[in-house]
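Reading through the structure tokens given below for one structure.
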Amino acid sequence: MSLSATDKAVVTAFWKKMAPKAAEMGGDSLARMLAAYPQLKVYFTHFTDLTPTSPQVKKHGANMMLAVGDAVSKIDDLVGGLAELGELHALKLRLDPANHRTLFHNMMTVMAVYFPMTSLQRCTSPWTSSCSRSPWLCPRNTDKSRGGGHPASSYPQPA
């Protein structure tokens, strides 16, 4: 997965615009996902309240969006920079990688709501390129004895 220098600049510039509202947008993204895909609530059984206004939903959503900010700060090495977070979600929490795509879609929807006049078409292409496959959130082959070792070594790499 590689982004051009222009793509990186677009993502970084848009994140700077988003950063002041990132926590709020993250809470809205998670709340939207749980409302639209109630079957995903099984991952949050430890929450006492899963309503959109729940402080737990808002806080966890904020943490997820802050992880996006962390990814932007490590945009030159997303896989290595977020390997630990990926291993936590894939190996310990056993999240289905398809759910990251669902969350990402909800994040993009919330971005469009918060920034309707921004050139989101120009911004979404690099975001989609860098996030939609989420190999840095969903490691597969970390078994070094079988040729792995890199968290995303089993993901097909774009040409």
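Per this note's numbering: the sequence shown = residues 288 to 446.
Glycine included, each C-beta is placed from N, C-alpha and C at the ideal position.
- One Cα belongs to Phe-331, the other to Pro-325, and the distance between them is close to 11 Å.
- The beta carbon of Leu-337 lies closer than 7 Å to those of Leu-321, Lys-328, Phe-331, Val-344 in the same chain, with the five residues before and after it left out.
- Short of 6 Å from the beta carbon of Asp-383, and not among the five residues preceding or following it, lies no beta carbon of its own chain.
- Counting along the chain, Asp-315 sits inside the alpha helix (DSSP H) bounded by residues 309-323.
- Annotation for Tyr-330: no alpha helix (DSSP H) segment contains it, and DSSP assigns it neither H nor E.
- Of all alpha-carbon atoms in Lys-361, His-333, Pro-342, Gly-348, the one lying nearest the alpha-carbon of Lys-295 is that of Lys-361.
- With contacts defined by Cβ atoms closer than 8 Å, Ala-358 and Leu-365 form a contacting pair.
- Shortest Cα-Cα distance from Val-400 to any of Ser-289, Thr-299, Ser-291, Gly-313 involves Gly-313.
- In the three-state reduction of the DSSP assignment, Ser-289 falls in the coil class.
- Pairing Lys-304 with Ala-318, the inter-Cα distance amounts to about 22 Å.
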